[in-house]
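K.L.:
The following block contains the structure, expressed as structure tokens.
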Amino acid sequence: MHNLRMFGLVALGLAGLMATAFLTVSLALLAGAVMTATLVWRSLAMKAKPVPVYARARTSNQPRREMRVWNDGRGTIIDL
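Residue 193 is where the sequence shown starts when you use this note's numbering, and the numbers rise one by one after that.
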């Protein structure tokens, strides 16, 4: 009788351990799926903002200006 009771307790403990492991893995997969869906949604929802581009054609007879470099406190600026 003692061996039968011990077998039942061991089976109950293993079942509890397996249930805990299954719950942990399923919650981790659920969290990963939610994070992946959020990242995909954010990347698809972001719309590129149009930025105006101003360009001038340089002809060969214009003299080249010297390169100006200065630091405004936030970083170095190089004006070509």
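The C-beta atom is built at its ideal place from N, Cα and C for all residues, glycine as well. Note that the coordinates shown come from a computational prediction; the quantities given were computed from them, not determined experimentally.
Since I believe isoleucine 270 is in contact with methionine 259 (beta carbons under 8 Å), could you give me their beta-carbon distance rounded to a whole number of angstroms?
P.N.:
7 Å
K.L.:
How many Å lie between leucine 168 and valine 243 at the Cα?
P.N.:
The shown model of the chain, from 193 to 272, leaves out residue 168, and the question about it has no answer.
K.L.:
Quick check: the Cα distance between methionine 210 and alanine 229, rounded to an integer number of angstroms?
P.N.:
Here the alpha carbon of methionine 210 sits roughly 28 Å from the alpha carbon of alanine 229.
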